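Participant: Residues 6 to 77 (our numbering) are what the sequence shown spells out, left to right. What follows is a structure written as structure tokens; I'll ask about it next.
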Amino acid sequence: MMGRPPLPVGTYGRINVYKLGARRFRAQAKYRDYDGVTRKVERVGQSRTAAENNLKAALRDRGRLSAQCHVA
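Here's what the structure looks like:
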């Protein structure tokens, strides 16, 4: 059997959202940086949707920063 193929560089996997408290949620996903390392990225919010939107914004910005750092 073969393992799961790695995430393509600059992409993220499935977003998971966890309830932390009455009005606090944590969204997290794995993101493959431009250096080839897969890292866990997480953000919080007052609702499930807010946490997920905060994470998507962070992932979008992370991709922009990584791409700019590697452009010569």
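From the three backbone atoms N, C-alpha and C, an ideal C-beta is built for every residue, glycine too. These numbers were taken from a predicted model, which means no experiment stands behind them.
Let's test the definition: count the other Cβ atoms within 10 Å of the Cβ of glutamine 51 and tell me whether it reaches 16, buried, or not, exposed.
Facilitator: The residue labelled residue 51 in the question sits at position 46 within the sequence shown. Its Cβ having fewer than 16 others within 10 Å, glutamine 51 is exposed.
Participant: For the candidate residues Asp38, Leu12, Ala32, whose alpha-carbon lies nearest to that of aspartate 66?
Facilitator: Locating residue 66 in the sequence shown gives position 61, where the first residue counts as 1. Residue Asp38 is the option with its Cα nearest to aspartate 66.
Participant: Let me check understanding here. Comparing Cα to Cα, which of Met6, Val22, Pro10 lies closest to leucine 60?
Facilitator: The sequence position of residue 60 within the sequence shown is 55, counting from 1. Residue nearest to leucine 60 within the set Met6, Val22, Pro10 is Val22 (criterion: CA-CA distance).
Participant: For lysine 45, which beta-bridge partners are listed by DSSP?
Facilitator: Your numbering for residue 45 matches position 40 in the sequence shown. Note: lysine 45 sits in a beta bridge opposite Lys35.
Participant: Under the assumption that arginine 44 contacts tyrosine 36 (Cβ atoms under 8 Å), give the Cβ distance between them as a whole number of angstroms.
Facilitator: To locate residue 44, count along the sequence shown from 1; it is residue 39. To locate residue 36, count along the sequence shown from 1; it is residue 31. That belief holds up - the Cβ atoms of arginine 44 and tyrosine 36 are roughly 6 Å apart, short of 8 Å.
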